[in-house]
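Numbering of the sequence shown is given in this note's numbering, commencing with residue 890 and proceeding in unit increments.
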Amino acid sequence: MSQSRLTELTWRQVRRAGERGIALLPVGSQEQHAGHLPMGTDTLLVEEVVDRALDLLDREAPESPESAELPVPEIVRLPALPFGHSPHHLFAAAVSLSAATLGAVLDDVLDSLVTSGYHRIMVVNGHGGNDEIMRLAVKRFALRARVTVAACSYWTLTAGEDEAGRPDVTPGHAGWFETSLMLAAHPGLVRTPVPARTPVEPPPLFDHPPHPGLTVERHGEWERVDGSTDDASGADADRGGRLLDDRARGLARAIRAFDAASR
């Protein structure tokens, strides 16, 4: 695997890499994560998963004789976009882009990459509020530009090899999952001990819709649950590290699959 960072390349290197390489854009957010996690949690975690995935692709042998015969893809890692769509967290603190602005920013970034010579782009998201906007931007852009674009949220790409997770609280927000990952990746930024979360009744409708298939949002729910979706007091660094590795393996495999499908 040949990988480099866009900020460290000359323009001629950027142009050459675009001929065959994949531009990889992490997208995060800056928003409240209860009282024990930093504002940049989503950005820090998506960067961590991306970095671990690229390290795996550097170190791991191909998974099959067929993949061994494929040319090694060149990955150009862009700086993470640190702002996302977070109006539901402004009750406490956030730096939020509107849905229209985030969509326009993604359009401009994708357009810039294509104009700079890239034909294959992958967006990796770290914040739930960005997901629909990111996927729409990718679909819309591929209709008007000769480009192959992929999009994913890091927590959805698992290798399926680890049982450390708790699907009922994944990914959640400022809860067990994110806190476990942060204890593994950036323990110095987690304010410990993490207090137990007071049970909230009734549970918020955004996580517990009254009927399967419904998306329900009710005004004031995030403030009512004090900015977190579940109890983080049992978060564990060891399990968090295993979950990070599992997501990184999943992302590494997704990059390989995207590369093979888009050549």
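Glycine is no exception: its CB is placed at the ideal position from the N, C-alpha and C atoms. Because the structure is a prediction, the values reported are computed rather than measured.
Counting along the chain, Thr930 sits inside the alpha helix (DSSP H) bounded by residues 930-948. Bounds of the beta strand (DSSP E) holding Gln892 are 891-894.
The three-state secondary structure of Pro1091, taken from DSSP, is coil. Between the alpha carbons of Gly1049 and Leu1070 lies a distance of about 17 Å. In this structure, the beta-carbon distance from Gly1015 to Pro915 falls below 8 Å. Look at Thr1045 here: in three-state DSSP terms it is helix. Shown here, His922 sits in a strand according to DSSP, grouped into three states.
Glu1106: not part of any beta strand (DSSP E); DSSP gives it neither H nor E. Going by DSSP, Ala912 is part of the beta strand (DSSP E) stretching over 911-916. Fully enclosed beta strand (DSSP E) runs of no fewer than 3 residues occupy 1009-1014 of the region 991-1041, in order along the chain. Take the alpha-carbon of Gly1006 and the one of Glu908: they are about 6 Å apart. In this structure, DSSP gives Val984 an extended state, which the three-state scheme calls strand. Around the beta carbon of Ser1001, a 10 Å sphere encloses fewer than 16 other beta carbons of the protein chains shown; the residue is thus reported as exposed.
Taking C-beta atoms under 8 Å as the contact rule, Arg1024 and Ala1040 qualify, at a distance of about 5 Å. Taking the CA atoms as reference points, Leu926 sits about 32 Å from Ile911. Between Glu1067 and Leu934, the gap from beta carbon to beta carbon is short of 8 Å.
Of all C-beta pairs linking the region 971-980 to the region 1077-1088, fewer than three are shorter than 8 Å, placing the two stretches out of contact. In the DSSP assignment, Glu963 falls within the beta strand (DSSP E) that extends over 963-966. Around the Cβ of Glu897, a 10 Å sphere holds fewer than 16 other Cβ atoms; the residue is exposed. Per the coordinates, the alpha-carbon of Asp1148 lies some 13 Å from the alpha-carbon of Leu943. Between Ala923 and Gly1116 a beta carbon distance of about 5 Å is seen, short of the 8 Å cut, so the two are scored as contacting.
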